[in-house]
Amino acid sequence: MTTTPVQNVAPETHAGDQVHAARARNGRLEFLDALRGIAALVVAVQHLGEVIWPELVVFSHVWWRPGEFGVLVFFICSGFIIPASMERRGNLSEFWIGRVFRLFPLYLSVLLLALIAFATPWAAPGGDYRIVSDSLINATMLQVFFERPLVIGASWTLGYEMVFYLLMTVLFMLGWHRRSAGIAMGLVTAALVLGGFLVPFYLIQPQIRQWPAVVIGLIALAVAIIAPRLAGRQRVVALSITLLILMLFLNRPNDLWFSLLLLASMFTGTVLYRYDIGELPKRTAAAVFCFAVVGITLVMYCYQVGAPDPETGATPRWWTEAGTFVSAYLVFGALFLLRRFAYPRVLVYLGTISYSVYLVHALVLLLPNPPLPDVPAFAVLLGATLVLSVLTYHFIEKPGQLVGRRMIALYRERQGGRAAAVPPAKPSGEPPAEERARTAAAPGPEVTDQPADNTASTAR
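Residue numbers (this note's numbering): 4 to 463.
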């Protein structure tokens, strides 16, 4: 990963726009934590509830999808805070160190416990699960792109989260990370125009023979875009990351239109962040938000073809998906408009531990059902999820974040030592190629969210 910092050149701000109007508590944005708390609770309630009341599966396929709603809220939150985290640090290496120690300690711990649970008769994996290779693939968070079983069922979202991080990294290197409005609208438009192309798991479909030409064409396009704008190691890193993004996205598990809308949702969150810090005018942010809502509805109408679910026999309707997406946008938009207000401490704390809730509830699903009536059994499962999440947050998540901060401090010390050991270069008429390639886009005012490695992941 490149260590080149983003230059601190202040972007244009728009008079009359509130900069960082959101209320914060303990360095965290309250409205974001409230949204995360809602999202985590909705996801856990659906999955745990379906264990007790199987008919809820039919409801989520026919009428409204609570789990998907929660995932989308998380993704929009991610789009809002991840660019802020990158810009505040101004260094991509520091961002990735923070992310690794933010996400992986808890994820690998839950993964290990789930693998141990596989030894029990009530949680044994299916016959297709290859214990060594599939476990290693699951440890990458990218398992959803390999058409292999998921140890943690909800972990499919982490793969899309990682793709977003990689994409933002390339945009930062190119200096395009502030083009959020155009990117969000472009992704929605691409979903509408191209949504029916490139079937899921495109690279491993035996009947598809033209994929090498598609891959070569996309690589050539990436080279044509990146090569003139970056030089040296930055060019190599950016091209390598772009190639990885292309491979992952071509082998995505979902229809192209659905995957593009997930990314569009993240960038819509970024647009709202740009408005919040005064980089975009209100009318632009509102236009992008409305464009996304209308575009999503059109995409669902065009591409969401109802097919009976193999497990329930229920037939999803286009408005089921559209309503789920749009409701997530509206809830995020409502709390964003109310971002100056305080939120209940319980809800904010639930948002703080939302990553734990999201992963730990998957562990609880591996346990045998309590021998109780339905409502008490559900209360036991949900209560166990919340109690375990509090423990994992305080004993795994927070220590991991602390280690991440220490690693970042150590990295800064080493970088400072290297800079001191290198004699100043003789002045010349033109800066080096890498310096010329740096972006002129720098962080706005510091974001009032806990240090980047303490922002809750939204991949749910």
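From the three backbone atoms N, C-alpha and C, an ideal C-beta is built for every residue, glycine too.
By the Cβ-count criterion, GLU416 is exposed, with fewer than 16 other Cβ atoms from all chains shown falling within 10 Å of its own Cβ.
Counting only runs of at least 4 residues, the stretch 51-100 fully encloses the following alpha helix (DSSP H) elements, listed from N- to C-terminal order: 58-65, 69-92. With respect to the 8 Å criterion, ILE229 and LEU177 are classified as neighbours on the basis of their beta carbons.
Cα atoms of VAL60 and ASP377: separation of roughly 16 Å, rounded to the nearest angstrom.
Here ARG31 carries a strand assignment [DSSP, helix/strand/coil].
Taking all protein chains shown into account, PRO379 has fewer than 16 neighbouring C-beta atoms within 10 Å of its C-beta and is therefore exposed.
Secondary structure note for LEU247: its alpha helix (DSSP H) is the uninterrupted segment 235-253.
For the pair of segments examined, the stretch 111-121 was found not to touch the stretch 75-90: the number of CB pairs separated by less than 8 Å stays below three.
In the three-state reduction of the DSSP assignment, PRO284 falls in the coil class, being assigned neither a helical nor a strand state. Closest in alpha carbon position to GLY73, among ARG409, VAL390, SER330, THR395, is SER330.
Sorting ASP36, GLY326, ALA122, PRO128 by C-alpha distance to the C-alpha of ILE84 places ASP36 at the top. Across the set PHE204, GLY70, TRP66, THR273, the C-alpha of GLY70 shows the shortest separation from the C-alpha of LEU44. Taking SER359 as reference, the option from PHE34, GLU33, LEU32, ARG39 with the minimal CA-CA separation is ARG39.
The stretch 278-285 makes no contact with the stretch 93-110: fewer than 3 CB pairs, one atom from each, lie closer than 8 Å. Annotation: LEU275 to ILE41 spans about 19 Å, alpha carbon to alpha carbon. Counting C-beta atoms within 10 angstroms of its own C-beta, TRP56 has fewer than 16 neighbours from the protein chains shown and is therefore classed as exposed. In this structure, PHE328 lies away from PRO256, with their beta-carbon atoms at least 8 Å apart. The DSSP-derived three-state label of HIS397 is helix.
Rounded to whole angstroms, the separation of the alpha carbons of PRO231 and VAL46 is 44 Å. Using a Cβ distance threshold of 8 Å, ALA241 and VAL173 count as a contacting pair. No Cβ-Cβ contact shorter than 8 Å links ARG236 with PHE34. Comparing alpha-carbon positions, the option among ALA288, ALA325, LEU233 lying closest to TRP179 turns out to be LEU233.
Apart from sequence neighbours up to five positions away, the residues of its chain that approach TYR306 with a beta-carbon distance below 7 Å are GLY198, GLY199, ASP258, TRP260, ordered along the chain. Measuring C-alpha to C-alpha distances from GLY336 to each of PHE398, SER357, TYR278, VAL393 identifies TYR278 as the nearest. When the five nearest sequence neighbours on each side are left out, the beta carbons in the same chain lying within less than 7 Å of the beta carbon of LEU169 are those of ILE244, LEU247, ILE248, in order along the chain. Under the three-state reduction of DSSP, ASN257 is assigned to coil, being neither helix nor strand. For the stretch 138-177, the full-length alpha helix (DSSP H) segments reaching 4 residues or more read 159-177 along the chain. Secondary structure at HIS180: coil, using DSSP grouped into helix, strand and coil.
Leaving aside the five residues that flank PHE294 on each side, the residues in its chain whose CB is nearer than 6 Å to its CB run, in chain order, MET188. Counting the other Cβ atoms within 10 Å of the Cβ of SER158 gives 16 or more, which makes it buried. Judged by DSSP in its simplified three-state form, GLN307 adopts coil rather than helix or strand. The residue from VAL308, TYR332, VAL334 with its alpha-carbon nearest to that of TRP322 is VAL308. Here the alpha carbon of VAL297 sits roughly 17 Å from the alpha carbon of SER262. A distance of 8 Å or more separates the beta carbons of LEU161 and HIS364.
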